[in-house]
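Trainee: Numbering (the numbering used here), first residue to last: 1165 to 1251. For reference, the structure I am asking about is given below.
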Amino acid sequence: KMVWEYVKKVPFGKTSSYLEIAKLTGSKNNTRAVGLANGKNPIPIIIPCHRIIGANGRLTGYAGGLDKKRWLLKHELDFSKNKNLLF
């Protein structure tokens, strides 16, 4: 649950790495625990685990599939760059 609290703080249109989240929980060695917690996320839009990426910037596992993760990240980035997309 601690992991999810930090994941919820990653802003819309931004990403964070498993390593960054692990460091926030108190140990840079907890990257695997961050991944496991994300994999058990029961509410992925409220706890936006799609915003968590590899430390090298690569997309990594997502329960909805990497295509969906890629789409969500692109959608958020596009929307945050142009907040008037709907009008």
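For every residue, glycine included, the Cβ atom is placed at its ideal position computed from N, Cα and C. Please read all numbers here as calculations on a predicted model, not as lab measurements.
According to DSSP, is S1244 part of a helix, a strand, or is it coil?
Mentor: Translated into the one-based positions of the sequence shown, residue 1244 becomes position 80. Three-state result, S1244: helix.
Trainee: By DSSP, does T1216 sit in helix, in strand, or in coil?
Mentor: Walking along the sequence shown from the start, residue 1216 turns up at place 52. It should be pointed out that residue 1216 corresponds to Ile in this sequence rather than to Thr. Shown here, I1216 sits in a strand according to DSSP, grouped into three states.
Trainee: Is W1168 buried or exposed, if buried means 16 or more other CB atoms sit within 10 Å of its CB?
Mentor: In the sequence shown, the residue the question calls residue 1168 occupies position 4. So W1168 ends up on the buried side.
Trainee: Assuming the contact rule is C-beta atoms closer than 8 Å, S1181 and G1218 should be a hit. Round their C-beta distance to whole Å, please.
Mentor: Reading the sequence shown from its first residue, position 17 is the one you call residue 1181. Reading the sequence shown from its first residue, position 54 is the one you call residue 1218. Sure, about 6 Å apart at Cβ, within 8 Å.
Trainee: To which residues of the same chain is L1223 closer than 7 Å at the C-beta, ignoring the five residues directly before and after it?
Mentor: To locate residue 1223, count along the sequence shown from 1; it is residue 59. Same-chain partners within the cutoff: I1217, L1230, K1233, R1234.
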